[in-house]
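Number of protein chains: 2
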Amino acid sequence: MSSYTALITGSSRGFGKSLAFAVSSKYPNSTIYLLSRPSSHHTETFNNLKKAHTDGTVHKVDIDFNDAADTDNPNNNYINVFKDCIEGIPVPTSSSNKIVLYNNHGTLGHLTASPPLSSVPIDLNLNITSCISLSLLFSSRFPLSSIVNVSSLAALKPFPTWSLYCASKSARDMFHHCLSLSHPTLKTLSYAPGAMDTDMQSHIRLNESDVEMKEAFVKMKEEGKLVDPDVSARKCVELVEVGKEGHVDYWD
Amino acid sequence: MSSYTALITGSSRGFGKSLAFAVSSKYPNSTIYLLSRPSSHHTETFNNLKKAHTDGTVHKVDIDFNDAADTDNPNNNYINVFKDCIEGIPVPTSSSNKIVLYNNHGTLGHLTASPPLSSVPIDLNLNITSCISLSLLFSSRFPLSSIVNVSSLAALKPFPTWSLYCASKSARDMFHHCLSLSHPTLKTLSYAPGAMDTDMQSHIRLNESDVEMKEAFVKMKEEGKLVDPDVSARKCVELVEVGKEGHVDYWD
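Going down the list, the protein sequences come from chains F and W.
By the numbering used here, the letter at position 117 of the first sequence is numbered 117, and the numbering carries on one by one without gaps.
By the numbering used here, the letter at position 13 of the second sequence is numbered 1013, and the numbering carries on one by one without gaps.
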């Protein structure tokens, strides 16, 4: 019998939450791990998914990708939490038992031409270091698996006020490209989900310092041109199913 | 009277050292800051350059780009050392007074398909976080200036055993591209100096785990096809002089 196991980071809201429901809908018997910071959103998404996912299993994992440097309590850092999580999952021995990491968490950061210096290590650790560390751990335990790196147009195109975000997405794309070249049975997909109608977009409409960009996003919202995250998530899950690799945009 | 000031990171050996001598040779009256970890190489390069650069000034700055987390002694961390350094340099008020940051330092890291997890934050902090932090500090103090991000073919092309290095170079290119878009009077050049005959190449020939890549580099060395770092450095300094921007390879 075939099985499907999905680990989704940053799953409490936005695109991560949509991914969780998309997986549940396509694979009713699947096992889904929701990995997010402890929060009311995390609990709410877990409870709602559990109600919907009656033929499968849902696990809630509290994990904070900011806390690598929690030297006072090393057992609590995200590396150990993630290790514990994946060591509890049996290693699939055939390709009909699918296991997928949706490496989705990240922060857009400050939307200014000169981000504060203190935000540089914080944003880069969260967006790059933790993302890469998770993919290394996951690919090492599950050589026969798939990793989705949630990417962005910002991985390919520079935006003047998104420098740390663009750098992060660019690094993630390149890292996963290298990883797939060196791990022949691992599939990696860098999926750019489109400009979606999520909290992240509200944040951009409020805080973007580049006037032209702000107006463009406000116009997209007004004209209903933002992508529905549920639709984009279903496309992403489908791309994984057919074994698509490399950088793929929602609009491709 | 025109002036030229260069700050060169990772200047004790290899391409950084070549850059220092290339600047000295083209701009005999220039002021050159050598920024490296305290080491015998650093002292030797400083002494040799001082002997050659008799019409200009050479400063030796001890700085360790690994020590951002030196919380016991925050005055010693590289951010503060770099701030102190640039705050001692007058801000140019016209484009005939040129100031250039050669952001050159970095590590190739482990040359394996699965780098050790502990190396991820170390390599990424050194290659990305410190590089970006320096460029932000520099561009903020010197809006009318140039930054050279020492890049690589690895910024554009994935190499299976160089995943952290490729990700780092890709992030650096993208960050500097964004920075130049948001800072109209700042010029940024991401210069890929070619596969050079330096200590880094000896390290690759000894430690590369990908057999094909190792053989390719050994062959380049044997056939004398590795680039002379002094020649590549002179090309880089010339590209800055003519105001070239974007990603430029030695072979372009």
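We treat Cβ as the ideally placed atom computed from N, Cα and C, and that holds for glycine.
Quick caveat, the model's predicted, so the values are computed rather than measured.
Reduced DSSP secondary structure (H/G/I, E/B, other) of residue 1250/W: coil
Per-residue contacts from residue 1162/W into chain F (C-beta, under 7 angstroms): 178
From the DSSP output, which residues share a beta bridge with residue 1036/W? 1062/W
Helix, strand or coil, according to DSSP, for residue 133/F in the structure here? helix
How about residue 1192/W and residue 1227/W: are their beta carbons less than 8 angstroms apart? no
Which residues, in order along the segment 96–124 of chain F, keep a beta-carbon less than 8 angstroms from a beta-carbon of chain W? 113, 114, 115, 117, 120, 121, 124
From the beta carbon of residue 1128/W, is the nearest beta carbon of chain F less than 8 angstroms away? yes
Neighbour list for residue 1174/W in chain F, Cβ cutoff strictly below 7 angstroms: 158, 166, 167, 170
For residue 253/F, I'd like the list of residues in its chain whose CB is within less than 6 angstroms of its CB, leaving aside the five on either flank, ordered along the chain. Any property of residue 253/F remains undetermined from this structure, which presents chain F solely from 1 to 252.
With the cut-off set at 8 angstroms, would you say residue 91/F and residue 138/F are in Cβ contact? no
Go through its chain and collect everything with a Cβ distance to residue 26/F's Cβ below 6 angstroms, but skip five positions before and after it. 237
Simplified DSSP state of residue 102/F, which is helix, strand or coil: strand
Alpha carbon to alpha carbon, how far is residue 1048/W from residue 1220/W? Give it in angstroms, no decimals. 30 angstroms
Given a cut-off of 8 angstroms, decide if residue 79/F and residue 114/F are closer than it, judged by their beta-carbon atoms. no
Since residue 1266/W is in the beta strand (DSSP E), which residue starts that stretch and which ends it? Nothing about residue 1266/W can be reported from this structure: the residues present for chain W run from 1001 to 1252 only.
Kindly indicate which residue of 29/F, 2/F, 14/F has the alpha-carbon position closest to the one of residue 44/F. 14/F
Just to confirm, are residue 186/F and residue 128/F a CB contact at a threshold of 8 angstroms? no
Of all the options 18/F, 10/F, 59/F, 123/F, which has the alpha carbon lying nearest to the alpha carbon of residue 108/F? 123/F
Tell me where the beta strand (DSSP E) around residue 190/F begins and ends. 186–192
Between which two residues does the alpha helix (DSSP H) carrying residue 1117/W extend? First-last for residue 1117/W: undefined, no H or E at that position.
On the CB-based measure, 16 or more other CB atoms within 10 Å of its CB, does residue 1158/W come out buried or exposed? buried
Buried or exposed (CB count within 10 angstroms, at least 16 for buried), residue 1056/W: buried
Which partner residues does residue 1003/W have in the DSSP bridge list? 1097/W
Chain-ordered residues of the segment 1133–1152 of chain W with a beta carbon less than 9 angstroms from chain F: 1133, 1136, 1137, 1139, 1140
According to the neighbour-count rule (16 or more other Cβ atoms, all chains shown, within 10 Å of its Cβ), is residue 1162/W buried or exposed? buried
Assigned secondary structure, residue 45/F (DSSP; H/G/I helix, E/B strand, else coil): helix
List the residues that DSSP assigns as beta-bridge partners of residue 1008/W. 1034/W, 1102/W
Name the DSSP beta bridge partners of residue 196/F, please? 227/F
Checking contacts by CB at 8 angstroms: is residue 79/F closer than that to chain W? yes
8 angstroms Cβ cutoff met for residue 1130/W and residue 1175/W: no
Residues sharing a beta bridge with residue 57/F, DSSP: 31/F
Residue 1183/W (DSSP reduced to helix, strand or coil): coil
With C-beta atoms as the reference, is residue 34/F less than 8 angstroms away from residue 59/F? yes
Taking just the CA atoms, how far does residue 1150/W sit from residue 1209/W? 24 angstroms
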